[in-house]
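Count along the sequence shown from 1, add 2, and you get the number used in our numbering.
Each residue gets a CB set at the ideal place from its N, CA and C atoms; glycine is no exception.
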Amino acid sequence: MSSVRKEIYSQITEQLKEKLSQGTIPWRKSWEVGLPTTLQSKQTYNGINFINLCRNEYLSPYYITYLQCKERGGYVKKGEKGSWVVYWELKEIPSNNDEDVKRVPFIKRSIVFNLAQTSLYYENDEERRIIQCEEVIKGMELRPDIRHNTLRAYYSPVEDYISLPPVHSFTSEAEYYSTLMHELIHWTGHASRLNRKSSVSDEELYSFEELIAEIGSAYLCALAGIAPKTLDNQAAYIQGWLKLSESDEDVFMKAAIEAQRAVNFIVAPHVNSKSNAA
Numbered sequence: 003m004s005s006v007r008k009e010i011y012s013q014i015t016e017q018l019k020e021k022l023s024q025g026t027i028p029w030r031k032s033w034e035v036g037l038p039t040t041l042q043s044k045q046t047y048n049g050i051n052f053i054n055l056c057r058n059e060y061l062s063p064y065y066i067t068y069l070q071c072k073e074r075g076g077y078v079k080k081g082e083k084g085s086w087v088v089y090w091e092l093k094e095i096p097s098n099n100d101e102d103v104k105r106v107p108f109i110k111r112s113i114v115f116n117l118a119q120t121s122l123y124y125e126n127d128e129e130r131r132i133i134q135c136e137e138v139i140k141g142m143e144l145r146p147d148i149r150h151n152t153l154r155a156y157y158s159p160v161e162d163y164i165s166l167p168p169v170h171s172f173t174s175e176a177e178y179y180s181t182l183m184h185e186l187i188h189w190t191g192h193a194s195r196l197n198r199k200s201s202v203s204d205e206e207l208y209s210f211e212e213l214i215a216e217i218g219s220a221y222l223c224a225l226a227g228i229a230p231k232t233l234d235n236q237a238a239y240i241q242g243w244l245k246l247s248e249s250d251e252d253v254f255m256k257a258a259i260e261a262q263r264a265v266n267f268i269v270a271p272h273v274n275s276k277s278n279a280a
């Protein structure tokens, strides 16, 4: 791993651990802001950029660079601090043969500001792309087997089905779909789909799988414009993730990558997202 990449990942990991130590899951939102999105191209941030930007508590989903803001005739408000995003850039490196050129990917970082941190923001910003929960499910190329014959929500990897309580058992329709989003991420890990390692009998793998499901469902909820359901046994899960980060400092980045793969499996045909948007 390059020194720049290691520095960026270490910085983000420490910030995430600090939030988790305070009992807060930083990528969760209790309001319907929408996905972190670059204002310039309307591309959504994903992966580790999604997690990093979700730590912020702004009312706008849009982000912009200092120069882009200036080009639009605006300015960043005094005292505001930007957020890091990372992206890959291909550089041409001459090889031993002068006629051959190798393209090598380098990780780079950029600072972006939420629109609410600038003079361009106005509170009734309606330029949001919100996909309804029903459309996410209906748009899936491969439909999951969803059963409503129990009062417990879970995914069965052995029989490959999702079990949910009836919709009327939830406090709201949004809570139902938020729970479904979480189980959908688990569903993508089946051997016939993304084939993630089984977590049934391994405590660390179980904790890692729950981290993937949490990040992935937070992304889906933001995409649909709903608030994520409060996680049962949240404190225990947080302690498990902090324990994982002690033995593997890149665990959040790895989970973000797997979560993004899961989200793409569910919504890729319908959502044009870009991981290196800046």
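For S158, the uninterrupted beta strand (DSSP E) segment begins and ends at 156-158.
In the three-state scheme derived from DSSP, where H, G and I count as helix and E and B as strand, F267 is classed as helix. Cα atoms of E161 and I240: separation of roughly 29 Å, rounded to the nearest angstrom. Taking C-alpha positions only, K245 is separated from S219 by approximately 22 Å. Selection K93, S85, P107, L122 evaluated against I113 yields S85 as nearest (Cα-Cα).
Residue pairing by DSSP places I228 in no beta bridge whatsoever.
Residue state for W189 is assigned as helix, using DSSP reduced to three classes. The continuous beta strand (DSSP E) containing K110 extends over residues 103-116.
If you draw a straight line from the Cα of I148 to the Cα of E177, it is about 16 Å long.
Taking a cut-off of 8 Å for Cβ pairs, the stretch 54-66 and the stretch 14-31 touch, as three or more such pairs fall below it. For Y239, DSSP records no beta bridge to any residue. Contact annotation: T39 and Y64 have beta-carbon atoms nearer than 7 Å. The beta carbon of K19 sits closer than 7 Å to those of L244, S247, all from its chain and outside the five residues before and after it, given in chain order.
Contact between C135 and Y163 is ruled out by a C-beta separation of about 19 Å, above the 8 Å threshold.
Beta-bridge analysis with DSSP links T67 to V114.
With respect to K79, Q119 sits close: the two C-beta atoms are nearer than 7 Å. By the CB criterion at 7 Å, S171 and T152 fall outside the cutoff. Excluding the 5 residues flanking it on each side, W189 has same chain C-beta neighbours closer than 7 Å at P146, Y157, I164, in chain order. Apart from the 5 residues on each side of it in sequence, E260 sits with its Cβ closer than 7 Å to the Cβ of R198, I214 in its chain, given in chain order.
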